[in-house]
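In the numbering used here, the protein residues as written are 19 to 881.
Cβ atoms here follow ideal geometry from the backbone N, Cα and C, with glycine treated the same way.
As the structure is a prediction and not an experimental result, all values here were calculated from the model.
Notes follow the structure.
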């Protein structure tokens with residue numbers, strides 16, 4: 019449990035005592051948002067693993083975004099790098115044929131409600147094609163059942179398509195004895211022919227092919243949960259309050275036979291997951307366990323929230339009498355708060371009732387709150403003054419007239435929360451009326467003039483406007499030297515901003531409008547996009563390749579000065595001194611009179627000092643130049659003599675070139691760089707990810723204005739020094755290693771994932787064109803439930819990509835979202851402020867908003 023805060027260690031100890039005791043193996047960690055509940059869960063897994071040869075950990079959470087964020091914490095237990103870890107299939111029915119990797123005695127299963135228990139989530143029950151292929155293969159064993167089911171499938175297929183038209187190669191990982199046992203349980207056939215029982219069921223009038231497939235998916239899932247290779251030893255239910263019907267099922271209030279059967283089958287699956295002959299340890303994680311919801315989103319106890327906690331205590335204790343005791347103790351506590359008499363009598367009654375209630379709950383759960391150890395407010399609360407102008411009211415009047423009596427009550431809230439509603443209210447019921455109405459008195463889209471929305475104008479001031487939003491990266495938390503230009507430490511910079519709104523239309527509207535201002539207005543249809551800079555081309559791209567090359571020897575000839583009061587001139591002078599000393603030790607003299615291109619000098623010296631290292635990077639450079647006719651690095655002769663001017667230029671190059679910076683940061687964080695493939699991965703981040711990012715046209719004006727150099731690559735290197743880029747990159751790699759559990763080459767992989775490779779496209783209307791798409795990168799909307807892919811090749815979720823990027827020093831600098839669906843997601847590492855665009859629905863949502871971004875995590879010791 020190294021690296022845990024004191025309260026985390028104590029929580030882990032109490033949980034392990036519960037799991038290793040003789041009673042029910044169920045425990046709740048209800049720590050406040052942002053206090054590292056997932057880290058506690060991982061440490062609990064470590065503690066349980068000490069008692070057994072192998073530990074199957076099943077991690078269930080409500081969304082793929084949270085899986086993407088937290089999987090690495092558990093995968094790190096296996097000792098396998100996350101990018102190399104085979105996670106297995108993402109459907110429980112398919113897992114036996116494709117198990118996750120096992121390492122250090124751990125096997126990690128990750129599921130969401132959609133991918134775990136078949137039939138749990140309302141909707142189609144037919145599953146994936148691969149699941150249906152398994153069912154089709156299983157039917158080959160049942161001669162009486164097969165023709166009936168296939169005929170049913172053909173009849174269904176006349177209208178749409180056949181569902182059981184393909185067989186799987188086999189039932190790998192399954193045993194027929196285990197499948198038959200599950201069949202008997204699912205179809206309630208303890209004796210006799212199970213095939214006859216299924217045939218009789220299939221021939222019922224209320225059973226169709228979809229119901230059959232859903233029932234057989236349940237059979238396979240039940241079988242899988244009972245297999246030793248799959249059966250969990252530890253079940254972690256993260257953010258379980260969003261799917262609490264898993265542990266507290268809704269009573270069946272129907273006489274419909276199918277619905278009654280579905281409920282019974284679902285309980286069979288839940289019992290196999292959480293119970294069985296050898297029940298697993300069940301660890302529940304939630305900061306708000308007093309507001310329980312079913313998977314459908316329905317609240318279990320919308321009025322009496324304390325009753326949810328009472329029911330939860332009954333589940334944790336697996337004892338109805340304990341539930342009754344907790345309810346009685348809670349009522350006694352409420353009564354004590356209303357005790358008449360002197361303050362001393364009231365205090366005594368409340369203390370006694372509180373002590374009794376805590377005695378019942380403490381064996382079942384742990385709760386840590388920041389307020390217990392931090393008495394002052396954790397945030398600086400700013401209340402910016404917002405002034406309404408005449409132009410703002412013109413847009414409100416236009417919206418109010420369109421809304422009419424049907425939506426009149428909503429007009430003030432919509433106008434207040436969603437700027438320029440006539441251009442941005444896509445997807446709302448009033449949108450059709452807006453499109454049919456006359457045009458608003460004026461529209462956004464030119465990128466000029468004053469924004470006609472009071473909060474939006476205030477937000478521009480808070481975030482720093484175009485000057486700050488067009489920064490390629492945020493300044494480091496602690497600068498290594500005195501920063502200059504747009505990053506100057508002489509004035510406080512806004513930092514990153516996380517904006518919350520109740521209305522789902524607000525994030526897209528705000529992102530589109532601010533992005534339009536940053537791009538200088540909407541481009542005319544047919545206008546070609548300006549190509550990015552830093553592209554290889556012409557007859558010589560060697561200098562550009564050299565900028566992003568992680569020199570295996572030269573990059574480590576210098577270690578930048580780290581004194582916050584020193585100037586960049588002093589840092590360059592010190593780097594030149596270090597480089598001269600290094601080259602002298604390697605036999606390079608300084609009697610030359612030439613002034614050759616710096617990249618040629620670097621290649622020649624690298625070849626002179628380390629031929630094997632040079633050969634590796636020469637091969638990498640050859641592949642990078644593509645079809646250009648640039649010089650082959652292997653034709654460059656070794657260099658043993660340079661001039662003083664070449665020494666100064668080379669020192670400046672090594673200090674400011676992205677490739678050299680990546681190489682030094684990689685060495686500091688123990689990222690291996692000895693083999694060609696390892697060097698190639700470091701080069702890939704610089705060449706294929708960072709080069710495209712730094713070459714973005716939005717950065718050009720800011721970077722060129724802050725430098726005396728006219729060539730963009732030279733001005734970019736100046737910006738890298740002025741903005742403390744190496745300190746920033748080093749800080750990000752530290753965060754990925756210490757908070758993200760990355761190590762080795764995985765740090766580079768995760769660093770690469772922090773860079774947005776393409777913008778979000780936000781729908782916008784201007785004039786009669788309602789299908790405009792505004793590219794948004796500096797200010798982006800975040801949909802926590804967005805399951806879209808980031809790219810055809812990456813396979814990463816778009817929302818997960820945005821989360822990673824926001825938790826980095828790079829774009830986006832403003833993330834706009836709603837608080838719906840964000841439970842369990844962290845936005846804290848580089849974020850400086852939260853903006854409450856409007857009031858949340860209740861105090862719990864307010865807490866979720868504030869604690870989504872809490873920089874000083876884990877007893878305020880992370881920074």
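State the Cα-Cα distance for the pair residue i and residue j, rounded to the nearest angstrom.
i: residue 523; j: residue 548; result: 30 angstroms
i: residue 672; j: residue 749; result: 19 angstroms
i: residue 804; j: residue 817; result: The predicted position of residue 804 is uncertain, since its pLDDT is 42 and thus under 50; no value can be drawn from it.
i: residue 699; j: residue 706; result: 10 angstroms
i: residue 304; j: residue 75; result: 18 angstroms
i: residue 110; j: residue 479; result: 50 angstroms
i: residue 823; j: residue 246; result: 39 angstroms
i: residue 145; j: residue 829; result: 38 angstroms
i: residue 456; j: residue 227; result: 51 angstroms
i: residue 779; j: residue 379; result: 49 angstroms
i: residue 777; j: residue 833; result: 13 angstroms
i: residue 731; j: residue 775; result: 20 angstroms
i: residue 543; j: residue 569; result: 45 angstroms
i: residue 240; j: residue 290; result: 7 angstroms
i: residue 357; j: residue 307; result: 28 angstroms
i: residue 94; j: residue 760; result: 8 angstroms
i: residue 856; j: residue 521; result: 9 angstroms
Using the Cβ count rule (16 or more neighbours within 10 Å means buried), how would you classify residue i?
i: residue 234; result: buried
i: residue 68; result: exposed
i: residue 91; result: buried
i: residue 564; result: buried
i: residue 799; result: buried
i: residue 149; result: buried
i: residue 697; result: buried
i: residue 763; result: buried
i: residue 257; result: buried
i: residue 663; result: exposed
i: residue 810; result: Because the pLDDT of residue 810 is 41, which lies under 50, any placement of that residue in the model is unreliable, and the number read from its coordinates should be weighed accordingly. Classification for residue 810: exposed.
i: residue 34; result: buried
i: residue 559; result: buried
i: residue 653; result: exposed
i: residue 309; result: buried
i: residue 470; result: buried
i: residue 401; result: exposed
Assuming residue i contacts residue j under a Cβ cut-off of 8 angstroms, what Cβ separation, rounded to an integer in Å, is found between them?
i: residue 853; j: residue 327; result: 32 angstroms between Cβ atoms; not a contact.
i: residue 669; j: residue 576; result: 7 angstroms
i: residue 525; j: residue 533; result: The pair is not a contact, with the Cβ atoms about 12 angstroms apart (cut-off 8 angstroms).
i: residue 217; j: residue 166; result: 6 angstroms
i: residue 414; j: residue 433; result: 5 angstroms
i: residue 718; j: residue 551; result: 6 angstroms
i: residue 160; j: residue 213; result: 5 angstroms
i: residue 765; j: residue 753; result: About 10 angstroms; that fails the 8 angstroms criterion.
Does the distance from the CB of residue i to the CB of residue j come in under 9 angstroms?
i: residue 80; j: residue 140; result: no
i: residue 138; j: residue 319; result: no
i: residue 651; j: residue 635; result: yes
i: residue 583; j: residue 500; result: yes
i: residue 566; j: residue 701; result: yes
i: residue 715; j: residue 297; result: no
i: residue 404; j: residue 421; result: no
i: residue 784; j: residue 463; result: yes
i: residue 202; j: residue 261; result: no
Using a Cβ-Cβ distance under 9 angstroms, would residue i count as near chain D?
i: residue 563; result: Here chain D cannot be found, since the structure has a single protein chain.
Quickly, what does DSSP pair residue i with across the bridge? List them, please.
i: residue 120; result: 125
i: residue 256; result: 303
i: residue 835; result: 518
i: residue 849; result: 514
i: residue 654; result: Per DSSP, none; premise fails for residue 654.
i: residue 782; result: 790
i: residue 44; result: 300
i: residue 317; result: 311
i: residue 384; result: 47
i: residue 607; result: 659
With respect to 8 angstroms, is the separation between the Cβ of residue i and the closest non-hydrogen atom of the ligand MG below this value?
i: residue 777; result: As presented, the structure is devoid of all ligands, the ligand MG included, so that no description of it is given.
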